[in-house]
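Residue numbers (the numbering used here): 58 to 231.
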Amino acid sequence: MQIIPVRLCEQIIPRACLWFAQKWGIAQSEYEQSMRESIARNGIQEGLAPSKAMKQKQNPNAIHTIPQWYVVLEGDEIIAGAGVIENDFHSRKDLSPNVCALYVEQDHRKMGVARALLEFIQKDMHGYKRLYLVTDHIGFYEKCGWKYVCDVDTDDGKGGRIYEIETEFEALQD
Numbered sequence: 058m059q060i061i062p063v064r065l066c067e068q069i070i071p072r073a074c075l076w077f078a079q080k081w082g083i084a085q086s087e088y089e090q091s092m093r094e095s096i097a098r099n100g101i102q103e104g105l106a107p108s109k110a111m112k113q114k115q116n117p118n119a120i121h122t123i124p125q126w127y128v129v130l131e132g133d134e135i136i137a138g139a140g141v142i143e144n145d146f147h148s149r150k151d152l153s154p155n156v157c158a159l160y161v162e163q164d165h166r167k168m169g170v171a172r173a174l175l176e177f178i179q180k181d182m183h184g185y186k187r188l189y190l191v192t193d194h195i196g197f198y199e200k201c202g203w204k205y206v207c208d209v210d211t212d213d214g215k216g217g218r219i220y221e222i223e224t225e226f227e228a229l230q231d
C-alpha cells in the first residue's frame with residue numbers, strides 16, 4: 058500500500074479524477090481542476106515520478122495550501138482516496154480546511170487503510186493547526202483520534218457532525 062499526494066504525481070490525475078467521480082458522482086472535470094490547482098499552488102514541477110517529486114525541493118508554503126488530494130495505491134490499483142478542501146458543503150465556514158471525499162474500496166475496508174490515509178493527511182497538512190471533516194458516521198473517527206465539535210447544516214439538507222483533529226503545526230517561516 059502506497060499513499061500518494063496527487064500534487065507530487067501529475068500523471069495519476071486522469072485515473073484519480075475518474076476514480077473519485079465514480080465514487081462521489083461529481084464531474085471528473087471538477088476533480089481535475091482542483092487537482093491541477095493543487096499542483097500549481099504548490100509550485101511542483103509536473104511530470105515527475107513520485108519518488109523524484111518527493112525529493113524535489115518544494116515551495117515552503119506547500120503544506121499551507123489547499124486543495125490537496127491523496128490516493129492509496131495497491132500495485133497500480135487505486136484502493137482509497139481523500140481530499141482536503143476549504144469547506145465540504147456545510148454551514149460552518151469558520152471550520153476549515155476540511156478532509157473530504159474519503160472512500161475506501163469495499164474489498165479493502167476494515168484493514169486500516171482509512172486510518173493510515175487520515176494519519177498521512179494529518180502529517181502532510183501540518184501548515185494548519187487543525188483539520189475538520191463532516192460526516193454522518195459515529196464511532197469510526199473517534200477511534201482515529203478525531204474529536205466531535207458540533208452538529209452542522211449541510212448543503213444537501215441532511216446535516217452532519219463536524220470533527221476536528223490537531224496537526225503537527227509548523228508556522229510559515231518569513
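For every residue, glycine included, the Cβ atom is placed at its ideal position computed from N, Cα and C. These figures come from a predicted structure and were not determined experimentally.
Sequence-distant residues of its chain with Cβ nearer than 8 Å to residue i (five each side left out)
{"i": "T192", "result": "Y198, G217, R218, Y220"}
{"i": "W233", "result": "Past the edges of the chain, shown from 58 to 231, lies residue 233, and the structure says nothing about it."}
Own chain, CB closer than 7 Å to residue i, minus 5 neighbours either side, in chain order
{"i": "R98", "result": "T122"}
{"i": "E89", "result": "I70, C74"}
{"i": "P107", "result": "Residue confidence for P107 is low, a pLDDT of 47 falling below 50, so the modelled location carries little weight and cannot support an answer."}
{"i": "A78", "result": "A84, Q85, Y88"}
{"i": "D151", "result": "none"}
{"i": "D210", "result": "H147, S148, G216"}
Sub-7 Å separation of residue i and residue j beta-carbons
{"i": "I222", "j": "L188", "result": "yes"}
{"i": "P62", "j": "Y127", "result": "yes"}
{"i": "S95", "j": "P124", "result": "yes"}
{"i": "A158", "j": "W81", "result": "yes"}
{"i": "M58", "j": "E131", "result": "yes"}
Residue from the options with nearest C-alpha to residue i
{"i": "T224", "options": "E143, K150, I195, E176", "result": "E176"}
{"i": "C207", "options": "C201, L159, G169, R149", "result": "R149"}
{"i": "H147", "options": "G169, I195, D212", "result": "D212"}
{"i": "P154", "options": "E143, Q163, D133, E134", "result": "E143"}
{"i": "Q179", "options": "G196, V156, D145, G169", "result": "V156"}
{"i": "Y185", "options": "G169, G196, V141", "result": "V141"}
Exposed unless 16 or more other CB atoms sit within 10 angstroms - verdict on residue i
{"i": "Y205", "result": "exposed"}
{"i": "M92", "result": "buried"}
{"i": "Y145", "result": "Here the sequence assigns Asp to residue 145, which means Tyr is not the residue at that position. D145 is buried by the Cβ-count criterion."}
Close Cβ partners of residue i (< 6 Å) along its chain, the five nearest in sequence each way excluded
{"i": "I136", "result": "V129, E162, H165"}
{"i": "E227", "result": "H183"}
{"i": "K215", "result": "none"}
{"i": "V201", "result": "The sequence given here has Cys at residue 201, not Val. So the qualifying residues of the chain are R172, L175."}
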